[in-house]
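Below: one structure, written as structure tokens.
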């Protein structure tokens, strides 16, 4: 990652390339900032909301609408303005509307650092929903902490964050609503064991997400009596790679029962297509993770000459949603978006909800205030609430709450982590992804 001063220069470029203000919904405004060499700040559809007052709570989102995780990010990013609009419709936070500034991190740590610097130093937000890629969040948190901005990720699952938080490096300015990969790896190891796989090989994207997941899976699978056949010679590919012939041969060598691929969509599709074209996938179960659970993924990988999807029959895991607030969120999402919630949209909603509820509990619109109250509003004791407006009302009355989210109970521990459940998904013969069961990490 570049030093902060470099990121700040990029952010200045981002900020000065364009600034557009247009009226929207009475006292709200819409902003749009774009740049070709830094982060991009853009409206999510037509719902981005920013209050005209500069005195109220200001938050940001730092999520990927372009790059390797765009297919997931473009859906997830919509959850944040939906939450902000809902909150503003019921009176806002601390008596004023909430401002939202959205930034596209491009699934790139350099752009993410630039975007976080802009949000922290120019927009002066108190909290940020983001990022999704663990590598981007790693870049962003190094800027958020010294600027005292609360960063809540809806999807960065690397175990590295737990380790660094435990050492006190984040000073309580970090949390996430998706559980860390230590839990997902345990859940996937349980799934592999249930399927009777004894010998599994791994191939991962060479970043915090991929390597952290790989290490956690190896440990969990071995505890269950399984063998990771390439443990001593792991296959890790460059995130910017475009050819994968060598990696595919290495990952499938020795005909393991299954190959676990920890990918992002674009590079994962290229890898699996290359593996199929080399004829090494036959008779080997493909196991995948949340990074590729997208409706567009099977089409990206492609079809066989007889018209079958290459990844048909693949199975994978993704953080599931089982919170008490899920039904209400799903209803609202379907009313606004005319489709079921996509993966991680409940986690994005909950991340934004925790920011606004914590600010109200602190009775101040600062990152310090949010960080001081986030565990208080997320955990026992307190009145259980699933409706963010009800939660704000009780907090204004001086009562304690225990927010029950759409993604889960979002009980935040001392390291900013939550424990969740995992959906098991598979690719059908028609190329459609469907959830078939849930699996627990325990």
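Numbering (my numbering), first residue to last: 4 to 445.
Yeah, the Cβ is synthetic: ideal placement off N, Cα and C, and Gly gets one too.
Quantities reported herein were computed from a predicted structural model and do not represent experimental measurements.
Counting every other CB atom within 10 Å of its CB across the protein chains shown gives residue 179 a total of 16 or more, marking it as buried. According to the DSSP assignment, residue 235 belongs to no alpha helix (DSSP H), since it is labelled neither H nor E. In this model, residue 204 and residue 280 are separated by some 19 Å (Cα to Cα). Sequence-distant partners of residue 138 (beyond 5 residues in either direction) whose C-beta falls short of 6 Å from its own C-beta, in its chain, are 112, 210, 211. Within the DSSP bridge table, the entry for residue 261 names 203, 288 as partners.
Classified as buried, residue 269 has 16 or more neighbouring CB atoms from the shown chains inside 10 Å of its CB. Per DSSP, residue 91 lies in no beta strand (DSSP E); the unbroken alpha helix (DSSP H) holding it starts and ends at 82 to 92. For the 8 Å CB-CB criterion, residue 61 and residue 89 do not form a contact. Take residue 96, set aside five residues on each side of it, and the residues of its chain with a beta-carbon closer than 6 Å to its own are 60, 359, 362, 363, in chain order. Per DSSP, the continuous alpha helix (DSSP H) segment holding residue 351 begins and ends at 348 to 365. Following the DSSP letters along the chain, one finds residue 217 inside the alpha helix (DSSP H) bounded by residues 211 to 226. A Cβ-Cβ separation of about 7 Å places residue 216 in contact with residue 292 under the 8 Å criterion. Taking residue 240 as the centre and dropping the five residues before and after it, the same chain places the C-beta of 206, 207, 208, 209, 247, 250, 270, 274 closer than 8 Å to its C-beta, in chain order. Relative to residue 143, the option among 110, 169, 162 whose CA is nearest is 110. In the displayed model, residue 154 falls within a strand according to three-state DSSP. Residue burial annotation: residue 386 is exposed, with fewer than 16 other C-beta atoms found within 10 angstroms of its C-beta. Looking at the DSSP output, residue 179 bridges to 156. Per DSSP, reduced to three states, the secondary structure at residue 61 is strand. DSSP places residue 429 inside the beta strand (DSSP E), whose first and last residues are 425 to 430.
If you compare the alpha carbons of 175, 350, 98 with that of residue 373, the shortest gap goes to 175.
Apart from sequence neighbours up to five positions away, the residues of its chain that approach residue 118 with a beta-carbon distance below 6 Å are 42, 65, 106, 108, ordered along the chain.
In this structure residue 161 is buried. Its beta-carbon is surrounded by 16 or more other beta-carbon atoms within 10 angstroms. Sorting 69, 75, 67 by C-alpha distance to the C-alpha of residue 294 places 75 at the top.
Here the segment 338 to 356 makes contact with the segment 396 to 414; the two share three or more CB pairs at distances below 8 Å. Around the beta carbon of residue 171, a 10 Å sphere encloses fewer than 16 other beta carbons of the protein chains shown; the residue is thus reported as exposed.
Residue burial annotation: residue 260 is buried, with at least 16 other C-beta atoms found within 10 angstroms of its C-beta. Among the bridge pairs identified by DSSP, residue 146 is matched with none. Residue 169 is positioned such that its CB atom lies no closer than 8 Å to that of residue 192. Look at residue 422 here: in three-state DSSP terms it is coil, with no helix or strand label.
When the alpha-carbon of residue 151 is set against those of 370, 200, 384, 347, the nearest one is in 370. Across the structure, residue 197 and residue 436 are spaced so that their CA atoms are roughly 21 Å apart. For residue 389, there is no enclosing beta strand (DSSP E), as DSSP marks it with neither H nor E.
Rounded to whole angstroms, residue 395 and residue 401 show a C-alpha spacing of 10 Å.
Contact between residue 429 and residue 318 holds: CB atoms are separated by about 5 Å, below the 8 Å threshold.
Rounded to whole angstroms, the gap between the alpha carbons of residue 297 and residue 92 is 32 Å.
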